[in-house]
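Chemist: First the structure, which I've put down as structure tokens, then a few questions once you've had a look.
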Amino acid sequence: MTNKKPTLIQLAAIVHADTEAKLAKHYNVVQLKNGSDNDAAIAAVRDEAVVMVTSATQSTPADLIDQFPNLRAICSFGVGYDSIDVKHAQQKGIQVSNTPDVLDDCVADHAFGLLLATARNLGYADRYVRDNLWGSGTRFPLGVKVSHKKLGIVGLGRIGLAIAQRAAGFDMEIRYHNRKPRNDTKLGYEPSLHELAQWADFLVIATVGGPTTRGLIDAKVLKALGPKGILINISRGSVIDEAALVQALQDGVVGGAGLDVYEEEPKVPDALKTMDNVLLAPHIASATVETRIAMAELVFDNVDAYATTGKVKTPIPTL
Ligand code: 8YV
């Protein structure tokens, strides 16, 4: 007697061999390759596929979801879900999970790392030493003091709160902007994003991506942040009008930027690569060994919870 394993469609590698092995033990895992013609692979399993594994950076549109009429759960590696048509899936009764909480510390650490590195010109400092500019007569520019400065957080969710905790260790004055004030924090609420940018020395973007925040940080907000202000983004590239940011940096309207995310990853505007007051990272805020294992395990837990109880463990709220 054959005991056929259910089929799991894997769109994104989850970069942890143990977790991949556990998935393969319980499921017939079918990997769909990025950018290649997957028609034959899909046709072979379209009716059997019940679970899909994707990621926060893997496009998972409605037409792909619709290829699998018996799909019941989509489990994503990552906390953000703007890459997935969650609403469409939910309307079809497909559960969708993400990996909240487990990455908050690392994302907040990275935000703070970018903030310190941008303020103190660490990207340029590294190039300055490697390129033997030290001692050559080229003066290294003075940085910006971080301790005791004003930090504005756009989007005070779990990651925003973890960033605020770190900022408290640097005796920073902290205010935040959300659509509504939180009633579980004493941090100062600023109802106007413009006023927050005007007040802040550092503006950190930690809000969700997607249509509700697209282009939120526009030319006007950048002007309000001003020539001494530093912008940090660990959320989504779509939150910032990237062309406006390039222009603002070129014109000295904004002092500097530390960016982990971009509008069209992995494309980064060439203009940004030439600026020494800009620090660029390749979307790595959650990319530590510990956190990526925790995320991978939570993906497995969701797949497993669905298989054993019929409910994923950390569902995305109904949109
Ligand atoms: C990951 C992310 O880089 O969690 C998110 O929303 O963007 C990231 O943690 C991503 O999931 C890796 O593909």
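Adding 53 to a residue's 1-based position in the sequence shown gives its number in our numbering.
Quick reminder that beta carbons are idealized off the backbone N, C-alpha and C, glycines included.
Note that the structure is predicted; figures quoted are calculated from it, not measured.
1. From what residue to what residue does the alpha helix (DSSP H) around arginine 355 run?
2. Just the Cα atoms here: how many angstroms apart are alanine 253 and threonine 60?
3. Let me check understanding here. Comparing Cα to Cα, which of Lys273, Arg267, Pro280 lies closest to valine 292?
4. Examine the ligand 8YV and report whether any of its heavy atoms sits within less than 8 Å of the Cβ of isoleucine 346.
5. Relative to the C-alpha of threonine 362, which residue among His69, Asp135, Gln148, Lys58 is closest?
6. Can you give the Cα-Cα distance for glycine 368 and leucine 85, rounded to whole angstroms?
7. Where isoleucine 258 and lysine 57 are concerned, what is the direct C-alpha to C-alpha distance, given to the nearest angstrom?
8. So is arginine 125 buried or exposed if we call it buried at 16+ other beta carbons inside 10 Å?
9. Quick one: grab the DSSP three-state call for phenylalanine 121.
10. Can you give me the start and stop residues for the alpha helix (DSSP H) that glutamine 218 sits inside?
11. Taking 8 Å as the cut-off, is the C-beta of valine 342 nearer than that to any heavy atom in the ligand 8YV?
12. Anyone know if the C-beta pair for alanine 164 and alanine 324 falls short of 9 Å?
13. Whole angstroms is fine: what's the gap from tyrosine 181's alpha carbon to tyrosine 229's?
14. How about the segment 163-179 and the segment 334-348: do they share at least three Cβ pairs that are nearer than 8 Å?
15. Does threonine 171 come out as helix, strand or coil in the three-state DSSP assignment?
16. Looking only at its chain, what residues have a beta carbon closer than 6 Å to the beta carbon of isoleucine 95, apart from the 5 residues adjacent to it on each side?
17. Can you find the residues in the same chain that come closer than 6 Å, C-beta to C-beta, to phenylalanine 353, ignoring five residues on each side of it along the sequence?
18. So, for serine 136: in the same chain, excluding its five sequence neighbours on each side, which residues have a beta-carbon less than 7 Å away from its beta-carbon?
19. Flag this pair as yes or no: are the beta carbons of isoleucine 285 and leucine 167 separated by less than 9 Å?
20. Out of Ala142, Asn81, Ser89, state which residue places its alpha-carbon closest to the alpha-carbon of glutamate 101.
21. Quick one: measure Cβ to Cβ for valine 207 and leucine 156, integer angstroms, because I've assumed they're closer than 8 Å.
22. What is the DSSP secondary structure of isoleucine 67, counted as helix, strand or coil?
23. Judging by CA-CA distance, which residue of Leu249, Leu269, Arg219, Lys202 is the nearest neighbour of glutamate 316?
24. Hey, how far is the Cα of alanine 217 from the Cα of alanine 77?
25. Quick one: does the C-beta of isoleucine 337 sit closer than 8 Å to a heavy atom of the ligand 8YV?
26. Considering only heavy atoms of the ligand 8YV, does any lie closer than 8 Å to the CB of serine 108?
27. Taking its Cβ as the centre, do 16 or more other Cβ atoms sit within 10 Å of histidine 69, making it buried, or is it exposed?
28. Give the DSSP-derived three-state secondary structure of arginine 183 in the structure shown.
29. My guess is that aspartate 271 and isoleucine 287 are in contact by the Cβ rule of under 8 Å, so how many angstroms apart are they, rounded?
30. Pick out the complete beta strand (DSSP E) segments inside the segment 278-324, 3 residues or longer, and give them in chain order.
Modeler: Put simply:
1. Here the sequence assigns asparagine to residue 355, which means arginine is not the residue at that position. First-last of the alpha helix (DSSP H) with asparagine 355: 342-362.
2. Linking alanine 253 to threonine 60 through their CA atoms gives a straight-line distance of about 51 Å.
3. Arg267
4. False, no ligand heavy atom lies under 8 Å from that Cβ.
5. Among His69, Asp135, Gln148, Lys58, the Cα nearest to that of threonine 362 is on Gln148.
6. Contrary to the premise, residue 368 reads as proline rather than glycine in this sequence. Going from the Cα of proline 368 to the Cα of leucine 85 covers about 23 Å.
7. 47 Å
8. buried
9. coil
10. Taken as a continuous stretch (DSSP letters only), the alpha helix (DSSP H) holding glutamine 218 covers 211-221.
11. no
12. No, they are not a contact pair.
13. 35 Å
14. The answer is yes - the segment 334-348 touches the segment 163-179, with three or more Cβ pairs under 8 Å.
15. helix
16. Gln120
17. Taking phenylalanine 353 as the centre and dropping the five residues before and after it, the same chain places the C-beta of Thr72, Lys75 closer than 6 Å to its C-beta, in chain order.
18. Ala109, Thr110, Gln111, Ser112, Thr113
19. yes
20. Asn81
21. In fact, because the Cβ distance is near 19 Å, the residues do not count as touching under 8 Å.
22. coil
23. Leu269
24. Cα to Cα, alanine 217 sits roughly 40 Å from alanine 77.
25. At a cut-off of 8 Å, the beta-carbon of isoleucine 337 counts as near the ligand 8YV: some heavy atom of the ligand is closer than that.
26. In this structure, serine 108 has its beta carbon less than 8 Å from a heavy atom of the ligand 8YV.
27. buried
28. Looking at arginine 183 - three-state DSSP - the assignment turns out to be helix.
29. Taking a contact as a CB-CB distance under 8 Å, the pair aspartate 271 and isoleucine 287 does not count as one, their CB atoms being some 19 Å apart.
30. 283-286, 309-312
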